[in-house]
Amino acid sequence: MGRTSTLLLSAAAAMLAGTMPALSAWQPQKPIEFVATAGPGGGTDNIARAVQNIITKYKLTEQPIVVVNKGGGSGAEGYVYGKASAGDPYKVIFGTSNAWQQPLVSKVAFNYTDLTPVAAMAQDEFLLWVKQDAPYKTAGDYLKAAASGEFKMGGAQSKDTDEVLTRMIEKTGHVKLTYIPFKSGAETAVQLAGGHLDSHVNNPSESLGQWRGGTQRPLCVFSPKRLPKGPKITATEGWSDVPTCAEQGLDIKQYEQPRTVWLPGKVTPDQAAFYVDLMKKVQATPEWKDYIEKTSQVDTFLTGAELDKFIKDDLEHLKQVAAEQGWLIK
Amino acid sequence: MDNLGELLHGFTIAVTLPHLALMVVGVLLGILVGVLPGLGAPNGVSLLLPLTFGMQPVSAIILLSCMYWGALFGGSVTSILFNIPGEPSSVATTFDGYPMARDGRPTTALATAFGSAAFGALVGVILITFLASWVAQVALAFGPAEYFAVYFLAFASFVGMGGGAPIKTVVALAIGFAIAAIGIDTVSGSVRLTMGVDELVKGVNFVVAVMGLFGIGELLVAVEEEFHARAVSSKIDWREVFRAVGRLPRHSIALLRSAAIGCWMGITPGGPTAASFMSYGIARRFSRRGRYFGTGEVEGIISPETADHAAGTSALLPMLSLGIPGSATAAVMMGGLMIWGLNPGPMLFVDQKDFVWGLIASMYVGNIVAVALVLLTVPVFAALMRIPFVIIAPLIVIICVVGAYSVSNSYLDVVMMLGFGIVGYLFKKLFYPLAPLVLAIVIGDKAEDAFRQSMLMSRGSLGIFFANKLVTCLVVAGIALLLLPLVLQLAHLFRKPAPSTDETTTQATARQKVTI
Chain A
9 MGRTSTLLLS AAAAMLAGTM PALSAWQPQK PIEFVATAGP GGGTDNIARA VQNIITKYKL
69 TEQPIVVVNK GGGSGAEGYV YGKASAGDPY KVIFGTSNAW QQPLVSKVAF NYTDLTPVAA
129 MAQDEFLLWV KQDAPYKTAG DYLKAAASGE FKMGGAQSKD TDEVLTRMIE KTGHVKLTYI
189 PFKSGAETAV QLAGGHLDSH VNNPSESLGQ WRGGTQRPLC VFSPKRLPKG PKITATEGWS
249 DVPTCAEQGL DIKQYEQPRT VWLPGKVTPD QAAFYVDLMK KVQATPEWKD YIEKTSQVDT
309 FLTGAELDKF IKDDLEHLKQ VAAEQGWLIK
Chain U
7 MDNLGELLHG FTIAVTLPHL ALMVVGVLLG ILVGVLPGLG APNGVSLLLP LTFGMQPVSA
67 IILLSCMYWG ALFGGSVTSI LFNIPGEPSS VATTFDGYPM ARDGRPTTAL ATAFGSAAFG
127 ALVGVILITF LASWVAQVAL AFGPAEYFAV YFLAFASFVG MGGGAPIKTV VALAIGFAIA
187 AIGIDTVSGS VRLTMGVDEL VKGVNFVVAV MGLFGIGELL VAVEEEFHAR AVSSKIDWRE
247 VFRAVGRLPR HSIALLRSAA IGCWMGITPG GPTAASFMSY GIARRFSRRG RYFGTGEVEG
307 IISPETADHA AGTSALLPML SLGIPGSATA AVMMGGLMIW GLNPGPMLFV DQKDFVWGLI
367 ASMYVGNIVA VALVLLTVPV FAALMRIPFV IIAPLIVIIC VVGAYSVSNS YLDVVMMLGF
427 GIVGYLFKKL FYPLAPLVLA IVIGDKAEDA FRQSMLMSRG SLGIFFANKL VTCLVVAGIA
487 LLLLPLVLQL AHLFRKPAPS TDETTTQATA RQKVTI
């Protein structure tokens, strides 16, 4: 009986799908699990919950969505879980570039090739931040002062995006920095406010409140052009007033962190196409625009060949930095 | 008194009918997730978070924070009745709360816990009200070296003031540190101690460890001793609820001391867990009835509960003004703030006065609502103790298994939880203290991170721990506590040959009895 009803149901679903050509060929038949590869409250958790909220609000799928947090081991817990769920199209993993960065530098039991990439949905920019009362006004001043070799640079996690960028600054600016890893960007921002660090390379949302509160300010942004115009953050300045680092003589033209969405390995192309389509619909809503603006991220959408190329380029670049630093695992 | 005016304005926002209704709903939901196995405050708040996206930020934070208060109270219920703490910070409540409940006085234990918790929370809110700006400055002074010093002080206070033999405390701490090291290391980014089990990369979750150590461990001891084979005949007496609360002022010294410890640990980012453990340790040393601690002493419940809630409440301030979440639940609420379009940070107090003071006012009202509601439910919970052991024992096993599984839907956690149950049993049989083990599991890796961050900053020089007054005081106090048992023993040895100092010898032996 149970089997017959399942058969009937899937036949009905197939017919339904056939009559509605606008929809992808595959439709979910049971609740979907969103796996955030970060603890509650972090950037990755926020995006998973924002997407869940938008899908529920616009009824973009009939099935309920549950968000679970698997943030242990700097996100490795969530990716390992995704790897173990191979072939299961009801698990959607939300992560960052650490999906391909982490396996390169530490012995975690997964690689990004174990997963099916869906999309990169938003990009977080990086800025160089110093304490509000620091004497330097430009990245050039900062590098001159850092030549003493006494500067302490803070960041979130070890051998992750923040430390990679720090090593790039060292190389490009011909300085030596002491990198001190903390658990999160928010924690790092507070350490800079308290004067325990000289600088950090936080994302906009991680230091937004601190900038408004006048404890720290950005010197430059690691982006090819200035950030889009938005509301003023302090009395006089907004994100678009921050010069690019290349403009100021710190020649790192582009460095950003994508928010990535994955399915477990071995899912069918139809199933992957359903989620690509779903995420595109999410991105078209005003709520998404609102979320992007409030978290000061950049709206992008990479999928398919474009996403593959992005990952390959980033990986090549990272391999180079990791090899120079001796981080590559044997 | 600028702040007072702001607070009154806050009350006009918080005390409206819809907000009061939200408080009641939040507290009731909170008690529910606090009592249910494996749910806990952080999960409950994240489940509720999407519902708040369409709400006014003030209403949303009132709902979520009241759920938090409810969950904190609810967590004490399982600690006292079943020896299963729901949050790291309510572990210390089990030490005397559970024996007292087992002794046939669950009503007294629960009412005492709720009463002192409410007192602690109140002191915490008053502190926030009047010292908001000063408190924010204190927290900023804490760099890695100062963080380490605070954690060091918490560990040292256990060695110096804990109940067991100091060497056994050190052993328990060391095992805890090893367990805390499992998983990815923040400072080097490498994977440690996973012993080939891929899933262990996530580390050992606190809930898994505690459910095993306390829930299952205690059950094994009980089964062996056939001690609880009968139901506890607890009288359910409404008047006892009020009598227990009425008796609290008699312990005003313990209340005030614990509130002070709690506030201090809440502002300096030591957090509620360290606060409740320290408060318990210090109470055991200074209370006149210290030697009876662990058998169901009233002050053994008052001290950790007051400090826990004082710290939990005052820790909300660093979250709002600096963006450092003091607990997992605070981290979820901070995520909420971002989604509502508010940015935690120094400007929140200037830009979003309605929000901040509405929240602070709601903390006064919300805690009163919470304590009224939980006191009403005391007889219901106390009635649970009348269920015979043959029924309650399998229930505890189910609670622990479901709880461990639901942490991250993993069977490995269930296996580990059972393993911790055996460790808990062995610890009890061999008279090793469990508290230092738990403390080390919870804050061990934070202490390690802080130590290694300090070493990176100072390029390997220990001088960083004596670099300024604040950190020097903390470290010296820690070292003094660490050496206390050694000094006491030496003093005892020196005095032994001289029989004329009869009085001091008896004193020393009396003291030794306490430490045994």
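Chains A and U are the protein sequences, given in the same order.
Each number in this note's numbering comes from the position in the first sequence (counting from 1) with 8 added on.
Each number in this note's numbering comes from the position in the second sequence (counting from 1) with 6 added on.
Ideal Cβ positions, reconstructed from N, Cα and C, are used throughout, including at glycine.
Asked, Found
"Along the chain, where does the beta strand (DSSP E) that runs through Tyr187 of chain A open and close?", "186–190"
"For Arg267 of chain A, list the residues DSSP reports as bridge partners.", "A:Ala130"
"Along the chain, where does the alpha helix (DSSP H) containing Leu1 of chain U start, and where does it finish?", "The first residue shown for chain U is 7 and the last is 522, placing residue 1 of chain U beyond what the model contains."
"I'd like to know whether the C-beta of Leu462 of chain U is nearer than 7 Å to at least one C-beta of chain A.", "yes"
"According to DSSP, is Ile101 of chain A part of a helix, a strand, or is it coil?", "strand"
"Is Ala235 of chain U helix, strand or coil when you go by DSSP?", "Since pLDDT at Ala235 of chain U reaches only 47, below the 50 mark, its modelled position is unreliable, and the value read off the structure follows with that caveat. Correct three-state label for Ala235 of chain U: coil."
"Identify each residue in the stretch 187–214 of chain U for which the Cβ-Cβ distance to at least one residue of chain A is less than 7 Å, and report them in chain order.", "Gly189, Ile190, Thr192, Val193, Ser194, Gly195, Ser196, Val197, Asp204, Glu205, Val207, Lys208, Gly209"
"Taking the alpha helix (DSSP H) that Ile73 of chain A falls in, what are its first and last residues?", "Where Ile73 of chain A is concerned, there is no enclosing alpha helix (DSSP H), although the beta strand (DSSP E) it sits in stretches over 73–77."
"Whole angstroms are fine: how far does the CA of Ser207 of chain A sit from the CA of Ala147 of chain A?", "11 Å"
"Rounded to a whole number of angstroms, what is the C-alpha to C-alpha distance between Gly103 of chain U and Leu42 of chain U?", "19 Å"
"Let me know the secondary structure DSSP gives Ala243 of chain A once reduced to three states.", "coil"
"Taking 7 Å as the CB-CB cut-off, is Gln265 of chain A touching chain U?", "no"
"Return the Cβ separation of Gln71 of chain A and Phe42 of chain A in integer angstroms, given the expectation that the two are a contact with Cβ distance under 8 Å.", "The Cβ separation is near 12 Å, so there is no contact."
"Cα separation between Gly306 of chain U and Phe299 of chain U?", "6 Å"
"Can you pull the chain U residues whose beta carbon is under 8 Å from the beta carbon of Glu85 of chain A, in chain order?", "Glu205, Val207, Lys208, Ser414"
"Taking Cβ-Cβ distances below 7 Å as the criterion, which residues of the stretch 43–74 of chain U are in contact with chain A?", "Pro48, Ser52, Leu55, Pro56, Phe59"
"Under three-state DSSP, which class holds Ser285 of chain U?", "helix"
"Indicate whether the contact test is met: 3 or more Cβ pairs, each with one atom in the stretch 230–244 of chain A and one in the stretch 81–100 of chain A, closer than 8 Å.", "no"
"Using a Cβ cut-off of 7 Å (strictly closer), state whether Ala27 of chain U contacts chain A.", "no"
"Looking at chain A, is there any beta carbon in it that lies within less than 7 Å of the beta carbon of Asn523 of chain U?", "Past the boundaries of the shown model lies residue 523 of chain U; chain U is included only from 7 to 522, so the question cannot be answered."
"Could you check where the alpha helix (DSSP H) with Cys228 of chain A kicks off and where it finishes?", "Where Cys228 of chain A is concerned, there is no enclosing alpha helix (DSSP H), although the beta strand (DSSP E) it sits in stretches over 224–229."
"For Phe148 of chain U, return the contacting residues in chain A, with the cut-off set at a CB-CB distance below 8 Å.", "Gly202"
"Assign Leu336 of chain A to buried or exposed, taking buried as 16 or more other Cβ atoms, counted over all protein chains shown, within 10 Å of its Cβ.", "exposed"
"May I have the straight-line CA-CA distance separating Ala235 of chain U from Leu401 of chain U, to the nearest angstrom?", "With a pLDDT of 47 at Ala235 of chain U, under the threshold of 50, the modelled position of that residue is not reliable, and no figure is offered here."
"According to DSSP, is Ala473 of chain U helix, strand or coil?", "coil"
"Helix, strand or coil for Asp285 of chain A per DSSP?", "helix"
"So, for Thr512 of chain U: in the same chain, excluding its five sequence neighbours on each side, which residues have a beta-carbon less than 6 Å away from its beta-carbon?", "In this prediction, Thr512 of chain U scores a pLDDT of 42, lower than 50, which makes its location untrustworthy; the coordinate-derived value is nonetheless stated afterwards. Closer than 6 Å at Cβ, skipping near neighbours: no residue."
"Is any beta-carbon of chain U found at less than 7 Å from that of Pro189 of chain A?", "yes"
"Report yes if the C-beta distance between Val213 of chain U and Val482 of chain U is below 7 Å; otherwise report no.", "no"
"Is Met459 of chain U close to chain A? Criterion is C-beta to C-beta, closer than 7 Å.", "In the sequence as displayed, the identity of residue 459 of chain U is Gln instead of Met. It does; some Cβ of chain A falls within 7 Å."
"Counting only Cβ-Cβ distances shorter than 8 Å, please list the residues of the stretch 49–68 of chain A near chain U, keeping chain order.", "Gly49, Gly50, Asp53, Asn54, Arg57, Ala58, Gln60, Asn61, Thr64"
"Buried or exposed, going by whether 16 or more other CB atoms sit within 10 Å of the CB of Phe500 of chain U?", "exposed"
"Give me whichever residues DSSP pairs with Ile40 of chain A in a beta bridge.", "A:Ile73"
"Comparing the C-beta of Met353 of chain U with each C-beta of chain A, is any distance below 7 Å?", "yes"
"Can you name the start and end residues of the alpha helix (DSSP H) that Met176 of chain A belongs to?", "169–181"
"With DSSP run on the structure shown, which of helix, strand or coil describes Phe59 of chain U?", "coil"
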